[in-house]
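Number of protein chains: 2
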Amino acid sequence: MGLPHGGRLMARRSDHSREEIKTMAIQAAHQIVEREGLVALTTRKVANAIGYTVGTLYHVFQNQDELIVHVNAATLDDLYKQLSESATHCRKPESCVLILGHEYVRFAYQHRNLWSSVFEHSLPAGDETPEWFRARVTKLFGLIEAALENITGNQRIDTQLASNALWSGVHGICVLGITGKLEHADEKNINVLVDSLIRNYLAGLSAPKK
Amino acid sequence: MGLPHGGRLMARRSDHSREEIKTMAIQAAHQIVEREGLVALTTRKVANAIGYTVGTLYHVFQNQDELIVHVNAATLDDLYKQLSESATHCRKPESCVLILGHEYVRFAYQHRNLWSSVFEHSLPAGDETPEWFRARVTKLFGLIEAALENITGNQRIDTQLASNALWSGVHGICVLGITGKLEHADEKNINVLVDSLIRNYLAGLSAPKK
DNA sequence: AACACAATTAAACATCGTTCAATATAAAAT
DNA sequence: ATTTTATATTGAACGATGTTTAATTGTGTT
Numbered sequence: 001m002g003l004p005h006g007g008r009l010m011a012r013r014s015d016h017s018r019e020e021i022k023t024m025a026i027q028a029a030h031q032i033v034e035r036e037g038l039v040a041l042t043t044r045k046v047a048n049a050i051g052y053t054v055g056t057l058y059h060v061f062q063n064q065d066e067l068i069v070h071v072n073a074a075t076l077d078d079l080y081k082q083l084s085e086s087a088t089h090c091r092k093p094e095s096c097v098l099i100l101g102h103e104y105v106r107f108a109y110q111h112r113n114l115w116s117s118v119f120e121h122s123l124p125a126g127d128e129t130p131e132w133f134r135a136r137v138t139k140l141f142g143l144i145e146a147a148l149e150n151i152t153g154n155q156r157i158d159t160q161l162a163s164n165a166l167w168s169g170v171h172g173i174c175v176l177g178i179t180g181k182l183e184h185a186d187e188k189n190i191n192v193l194v195d196s197l198i199r200n201y202l203a204g205l206s207a208p209k210k
Numbered sequence: 001m002g003l004p005h006g007g008r009l010m011a012r013r014s015d016h017s018r019e020e021i022k023t024m025a026i027q028a029a030h031q032i033v034e035r036e037g038l039v040a041l042t043t044r045k046v047a048n049a050i051g052y053t054v055g056t057l058y059h060v061f062q063n064q065d066e067l068i069v070h071v072n073a074a075t076l077d078d079l080y081k082q083l084s085e086s087a088t089h090c091r092k093p094e095s096c097v098l099i100l101g102h103e104y105v106r107f108a109y110q111h112r113n114l115w116s117s118v119f120e121h122s123l124p125a126g127d128e129t130p131e132w133f134r135a136r137v138t139k140l141f142g143l144i145e146a147a148l149e150n151i152t153g154n155q156r157i158d159t160q161l162a163s164n165a166l167w168s169g170v171h172g173i174c175v176l177g178i179t180g181k182l183e184h185a186d187e188k189n190i191n192v193l194v195d196s197l198i199r200n201y202l203a204g205l206s207a208p209k210k
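In order, the protein sequence lines correspond to chains A and B.
For the first sequence, position 55 matches number 55 in our numbering, and the numbering has no gaps at all.
For the second sequence, position 43 matches number 43 in our numbering, and the numbering has no gaps at all.
Right, dumping it as structure tokens:
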């Protein structure tokens, strides 16, 4: 089966280290998901792309799920990079959060397959999401927290609670938008919804309580 | 050629009509998803549960996706029923929305597998979500719209926009909570987030614009 | 040069969604 | 009644999937 690649006879033992193979597999899987979506990701396709057979994949990963989690973690890294760079040129907290929101929508629509993969995939019952993955999520929420910390309300607010609520909300809009559960869900209209959510939520935070 | 049309049934085996088989299959699939999750749903399992073979399923449904969409539609019907009954004993708009939010969380946690199925599943690229399915989603958003219509702000608000934004937000909190992407995501903490989102968003809507 | 050990493969397994020729059976025609 | 017609249903097959495993192949060590 495993066709030789690049004129090589066979992949020999010391061609690549364990770590190299791991990296290659993740990158190959990343490309496949990006181009064809998570449903199109198969172990054989990944193995073929890096010039090995499935057995080698299972020698490096426990199973397909572990590979997917790594792909998704890489996507979260890309997302963090794009978001953190976007919010450097803003002054008012509201502007920062709005920029972050729009940039999040932009990423979701631009890398639809990769972004969807992060939330489509879930580990089999019993397996817990590894902490290094959740750390990435926390780091992302941290961006919002940072932007919210300078909010000038007339009372202290719990920034972690607020960033969780607000950002989950923005995420929810993207989810329903991209999966076609909302009507007229193009990027422009989605941004209108995100705007509404952020503006009013922040206004509510700053408003005097009843 | 004596082409029969009208009320004539042609059930060969006369055990069940086409429609009966359809209903039986949907109910069986519903049970499987409820108990074991969408990943555990197989055509053979469904066929076996209703005493037929897979071939018959494909004689009644175009493919597995079509069956799943029907299961999910039934779930949306259940959800609508639970939500619409819950919001009958409230006066102030905010109370109604809060009740709807909490009830939504309750349904998601109580029927985790069914609820997840609605959003995990997506049709293959090219297939569009049938309009009778989207109608169910619209109907659900209608519940929020109705509750928002009595909001007393100092300026008119676009209730459809607001209900889309707010409810997508509540949904997003549930998604991240149930899929374990948030820390300490038990039902109680999720409700705190939902509370924060709804209260502040509504406060923002009613607040005077700067 | 021979050995031991890890990496890698090829093949197999069970299961999946889906298709299709063959069969069974009810209704219509004779 | 008997034959004809049409279709509901089956059962087996197909290709693809994730995963496992016995057998090899290559490398480092003695």
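Glycine included, C-beta positions come from ideal geometry on N, C-alpha and C.
Computed from a prediction, not measured in an experiment: that's the story for all the values here.
Along the chain, where does the alpha helix (DSSP H) that runs through P93/A open and close? Counting from 1 along the first sequence, the entry for residue 93/A is found at position 93. It spans P93 to Q110 - the alpha helix (DSSP H) in which P93/A sits, taken as one unbroken run.
Closest Cα partner of N200/A within the set I190/A, L182/A and L166/A: In the first sequence, the residue the question calls residue 200/A occupies position 200. Of the candidates I190/A, L182/A and L166/A, the one whose C-alpha sits nearest the C-alpha of N200/A is L166/A.
Please check if any C-beta of chain A sits within less than 8 Å of the C-beta of G51/B. Here the question's residue 51/B lines up with position 51 in the second sequence. By this cut-off, G51/B is not an interface position.
Is the CB-CB distance between I26/B and K45/B below 8 Å? Sequence index remark: in the second sequence, residue 26/B carries index 26 (1-based). Sequence index remark: in the second sequence, residue 45/B carries index 45 (1-based). No, they are not a contact pair.
By how many angstroms is the C-alpha of H89/A removed from the C-alpha of A108/A? For the purposes of this step, residue 108/A is identified with residue 108 of the first sequence, where counting begins at 1. For the purposes of this step, residue 89/A is identified with residue 89 of the first sequence, where counting begins at 1. Roughly 21 Å between the two C-alpha positions.
Which residues, taken in chain order from the segment 171-183 of chain A, show a beta carbon closer than 9 Å to some beta carbon of chain B? H171, G172, I173, C174, V175, L176, G177, T179, G180, K181, L182 and E183
How should S95/A be labelled, buried or exposed, when 16 other C-beta atoms within 10 angstroms of its C-beta is the threshold for buried? Against the first sequence, residue 95/A aligns to sequence position 95. Classification of S95/A: exposed, given that the 10 Å Cβ count is below 16.
Counting only beta-carbon atoms, is N164/B nearer than 8 Å to chain A? Indexing the second sequence from 1 puts residue 164/B at position 164. Yes, its Cβ sits closer than 8 Å to a Cβ of chain A.
Spatial distance of A11/B from T42/B (CA atoms): The residue given as residue 11/B occupies position 11 in the second sequence. The residue given as residue 42/B occupies position 42 in the second sequence. Unreliable positioning characterises A11/B in this predicted model, as indicated by a pLDDT of 37, which lies under 50. The coordinate reading is nonetheless provided below. Taking the straight line joining both Cα atoms gives about 25 Å.
Is the CB of E131/A under 8 Å away from at least one CB in chain B? Numbered from its first residue, the first sequence carries residue 131/A at position 131. By this cut-off, E131/A is not an interface position.
Please go through the same chain and pick out, in chain order, the residues whose beta-carbon is closer than 7 Å to the beta-carbon of E145/A, but skip the five residues on each side of it. Along the first sequence, one-based indexing puts residue 145/A at 145. Answer for E145/A: T159, Q160 and S163, listed in chain order.
To which residues of the same chain is A185/B closer than 8 Å at the C-beta, ignoring the five residues directly before and after it? Here the question's residue 185/B lines up with position 185 in the second sequence. Hits under 8 Å: L176, G177 and I178.
Under 8 Å, do N72/B and H121/B count as touching if we go by C-beta distance? Residue numbering aside, residue 72/B sits at position 72 when the second sequence is read from its first letter. Residue numbering aside, residue 121/B sits at position 121 when the second sequence is read from its first letter. In contact: N72/B and H121/B (Cβ atoms closer than 8 Å).
Contact check, V118/A vs L76/A under 8 Å by CB: the rounded distance? If you number the first sequence from 1, residue 118/A lands on position 118. If you number the first sequence from 1, residue 76/A lands on position 76. Right, the Cβ-Cβ distance comes to about 7 Å (below 8 Å), so this counts as a contact.
Reduced DSSP category for C174/B - H, G, I as helix; E, B as strand; rest coil: As a position in the second sequence, residue 174/B is number 174, starting the count at 1. Three-state DSSP puts C174/B in a helix.
For a quick check, are the C-beta atoms of L202/B and V97/B less than 8 Å apart? Taking the first residue of the second sequence as position 1, residue 202/B is located at position 202. Taking the first residue of the second sequence as position 1, residue 97/B is located at position 97. Against a cut-off of 8 Å, the Cβ pair of V97/B and L202/B comes out as a contact.
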